[in-house]
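A.B. asks: Let me begin by handing over the structure; questions about it come next.
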Amino acid sequence: MRTHYCADVNEQHIGETVTVAGWVASRRDHGGVIFIDLRDKDEVVQLVCDPADNAEAHKTAEEIRDQFVLIATGKIRARGEGLENPNLKTGKVEMVVDSLTIENRSKPMPFELNDEKVNEEIKLKYRYLELRTQKAYNTFKLRSKATIATRNALDELGFLEVETPILTKSTPEGARDYLVPSRVHGGEFYALPQSPQLFKQLLMVGGFDRYFQIAKCFRDEDLRADRQPEFTQIDVEMSFCDQEDVITVAEKLISDVFIKCGFDVPTKFNRMTHAEAMEKYGSDKPDMRYDLAMVDVLDIFERCDNEIFSSIAKMPKKNRIKALRVPKGDEIFSKRQMKGFEDYVRKFGAQGLGYFQMKEDGLKGPLTKFFTEDDIQAIIDRCGLEVGDAVFFGAGEKKLVWDYMGRFRIYLAETMDIIPEDRFEFLWVMDFPMFEVEDGKVKALHHPFTQPKSLDYDEIEEIESIAYDVVLNGTELGGGSIRIHKEDVQEEVFKLLGISEEEAQSKFGFLLDALKFGAPPHGGFALGLDRMIMIMTGASSIRDVIAFPKTQKAQCLLTQAPSEVDNEQLKELSIRLRQAAPTA
């Protein structure tokens, strides 16, 4: 007799003798008759162990505890009137047990399954137990469906799946590399790839004009809710294409995956330039499920009698004064909350936070005394203020203002609880700056292989790249660019980044050499698979959608990795550990 899944047992089996297997979800003794909820990957079936039906099976049932593994055989019958469970697929039937085998026993559980209040460290230490929950199973069932849909969608578009190396060369790509020492080449190291970037470009040179890979990537960086030291990305590259070709493929892939996974999403996404995103939302990944857009009021504040604001406004290239209107904010927020908002933005470097309140008799607030009536009206018109609204002002250096006002926008939306949780809002952010300057050092905003629109410029930060990110509900889902395929352009970009010819040859020589052999124009994108599943499932962290994740300290509590290794292994790898300095 074949073993059935618990979920398969239904009214069609009434009167039949079947065998089921699974874990004990619960056991209840009702005056001699023992009821057992037996669950497998999909569902629960109720077992009835009555000594009048089978004394031996009932005796076995007396020993059973939660999470024991059982194999049960018995006859399926309809549940009594009023005893059906409409929440279960199997809720109209139950099994009268004839034979019951304890296949394996379980120690008492270290935590209650499905208890959301259990400490996360305990859950991660016993991750294999948390994976037994229906919630976890459904998450990884969805993840499997999404990866299959990804492969099918890209296969239909003519893409070829190619694996690239995990042990590779250390190259500067933004984060620290994870290094792997070589036993054969003492004192030398491999690096785990931060992405397949260089190899997929080499595949384009090799004539594989449509490549994809569901790739493992590794980055040694500070962790947070949407970062892990190892993560999975959907990596796509194509030749003889422009930006529109790449975006068309990306939109087709993303919409196909979401639709196959049961979500209703658009097949074309809205677009916004990087400059517009920063000016309106203070972020290059704005959440478009709600409005709260900022407007520029620099020119109005330049005319005010407040010396601090007017001096900031006199430098429009360097500084910003941004207004953020909150509809009905004056009616919603108390004076205490208004004070708390100023404390909030100060945490991110703000010197303060100005505000006005729109009353029946006009605009009120501590700043109004610095403005003429005409300029007060200009603020009302510019911000679109109505009675009951509040408007907040941030002033200072533009990157600082963008940052704290962008964070404040999100904080306000969360405080007012106006973020819809059942909606997907996709957005392309385009035309990223090619470079950023930090502490006088020029850095590539994406990576040094991104194609600049032009290298004619007055200031280096004005150079735009052919780069694009796809944003979903305020999370960067992925991004990409058209790549540099000409050697002279790549050399010029390296020069602007302060990378010498010798250093470029040492770190990227294999790519530079490849560009000399008829490299085609090419570009692509990568999507964070973990982030995508996190958003689909409504999880608060990508740890919830990775089977065996690390903590925020990059530790695996299940296996106790990282861990020390013995001296013989170190000796084989030509490594000697430096002794830590004694503590006082």
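According to the numbering used here, the sequence shown is numbered sequentially starting from 947.
Beta carbons are placed, not taken as given, at the ideal position from N, Cα and C, and that holds for glycine.
Quick one: Cα of L1244 to Cα of C1250, how far?
C.D. replies: Those two C-alpha atoms are separated by around 10 Å.
A.B. asks: Near F1597, what residues of its chain come up, given a Cβ to Cβ distance below 6 Å and the 5 sequence neighbours on each side ignored?
C.D. replies: Outside the shown range of the chain, which is 947 to 1530, sits residue 1597, and nothing can be said about it.
A.B. asks: Cα-Cα, which of A1092, E1067, R1051, M1150 is closest to F1057?
C.D. replies: Comparing alpha-carbon positions, the option among A1092, E1067, R1051, M1150 lying closest to F1057 turns out to be E1067.
A.B. asks: Whose C-beta lies closer than 7 Å to the C-beta of T1534 among residues of the same chain, with five residues either side of it excluded?
C.D. replies: Residue 1534 lies beyond the range of the chain shown here (947 to 1530); nothing can be said about it.
A.B. asks: Can you find the residues in the same chain that come closer than 6 Å, C-beta to C-beta, to T1019, ignoring five residues on each side of it along the sequence?
C.D. replies: Answer for T1019: T965, D1044, S1045, listed in chain order.
A.B. asks: From the DSSP secondary-structure annotation, give me the bridge partner or partners of F1381.
C.D. replies: A1390
A.B. asks: Which whole-angstrom value describes the C-beta separation of I1022 and G961, a residue pair presumed to lie in contact below a C-beta threshold of 8 Å?
C.D. replies: That pair is a contact at about 7 Å.
A.B. asks: Mind checking which residues open and close the alpha helix (DSSP H) that includes H1004?
C.D. replies: 1001-1009
A.B. asks: How about F1255: is its C-beta nearer than 8 Å to some C-beta of chain B?
C.D. replies: In the displayed structure, chain B is absent; only one protein chain is listed.
A.B. asks: Please return the same chain residues whose Cβ sits closer than 8 Å to the Cβ of K1305, not counting the five positions on each side in sequence.
C.D. replies: D1276, V1333
A.B. asks: From which residue to which residue does the beta strand (DSSP E) around T1093 run?
C.D. replies: From DSSP, T1093 is part of no beta strand (DSSP E) but of the alpha helix (DSSP H) over 1080-1102.
A.B. asks: Can you name the residues that DSSP bridges to Q1159?
C.D. replies: D1181
A.B. asks: With a 10 Å radius around its C-beta and 16 neighbouring C-beta atoms as the bar for buried, classify Q1174 as buried or exposed.
C.D. replies: buried
A.B. asks: Tell me the residue span of the alpha helix (DSSP H) that contains E1433.
C.D. replies: Taken as a continuous stretch (DSSP letters only), the alpha helix (DSSP H) holding E1433 covers 1433-1442.
A.B. asks: Kindly identify the DSSP beta-bridge partner or partners of F1135.
C.D. replies: P1127
A.B. asks: Cβ of D1181 within 8 Å of Cβ of F1204?
C.D. replies: no
A.B. asks: Would you mind listing the beta strand (DSSP E) stretches within the region 1475-1521 that are 3+ residues and don't spill past its ends, in chain order?
C.D. replies: Correct list: empty.
A.B. asks: Whose C-alpha, out of M1234, Q1140, K1053, is nearest the C-alpha of I1364?
C.D. replies: M1234
A.B. asks: Going by beta carbon distance, what residues of the same chain come within less than 7 Å of D1197, once the five residues before and after it are set aside?
C.D. replies: It should be pointed out that residue 1197 corresponds to Glu in this sequence rather than to Asp. Result list for E1197: T1213, K1214, F1215, in chain order.
A.B. asks: Using a Cβ-Cβ cutoff of less than 6 Å, which residues in the same chain neighbour F1440 once the five nearest sequence positions on both sides are dropped?
C.D. replies: If we look at F1440 and ignore the five residues flanking it on each side, its Cβ neighbours are A1450.
A.B. asks: Just to confirm, is the Cβ distance from R1534 to E1049 under 8 Å?
C.D. replies: In this structure the chain extends from 947 to 1530, so residue 1534 is not present and cannot be described.
A.B. asks: Under 8 Å between the Cβ atoms of Y1083 and L1113?
C.D. replies: no
A.B. asks: Just reading off the alpha helix (DSSP H) that G1275 is part of, what are its end residues?
C.D. replies: 1275-1278
A.B. asks: Going by beta-carbon coordinates alone, are D1210 and V1375 separated by less than 8 Å?
C.D. replies: no
A.B. asks: So what does DSSP say about E1410, is it helix, strand or coil?
C.D. replies: strand
A.B. asks: Out of N1060, N1065, L1070, point me to the one whose CA is closest to K1081's CA.
C.D. replies: Answer by Cα proximity: N1060.
A.B. asks: So M1055 packs on L1075, CB below 8 Å; how close in whole Å?
C.D. replies: 7 Å
A.B. asks: By Cβ distance, which residues of its chain are closer than 8 Å to E1367, with the 5 residues on each side in sequence left out?
C.D. replies: G1484
A.B. asks: When the Cα atoms are used, what is the spatial distance from D1320 to L1309?
C.D. replies: Straight across, the Cα-Cα distance linking D1320 with L1309 is about 12 Å.
A.B. asks: If we count the other Cβ atoms within 10 Å of its Cβ and call it buried at 16 or more, is R948 buried or exposed?
C.D. replies: The Cβ neighbour count for R948, taken over all protein chains shown within 10 Å, is under 16; the residue is labelled exposed.
A.B. asks: According to DSSP, is E1253 helix, strand or coil?
C.D. replies: helix
A.B. asks: Taking Cβ positions, are D1335 and V1241 nearer each other than 8 Å?
C.D. replies: no
A.B. asks: For V1151, which of F1354, K1462, K1315 has the nearest alpha-carbon?
C.D. replies: The shortest Cα separation from V1151 among F1354, K1462, K1315 belongs to K1462.
A.B. asks: Would DSSP call Q975 helix, strand or coil?
C.D. replies: Residue identity check: residue 975 is Asp in the sequence provided, not Gln. DSSP places D975 in strand when its eight states are reduced to three.
A.B. asks: Do the region 1418-1429 and the region 1388-1407 touch if we need at least three Cβ pairs shorter than 8 Å?
C.D. replies: yes
A.B. asks: Please classify E1410 as buried or exposed, where buried requires at least 16 neighbouring CB atoms within 10 angstroms.
C.D. replies: Buried, because 16 or more other Cβ atoms sit within 10 Å of the Cβ of E1410.
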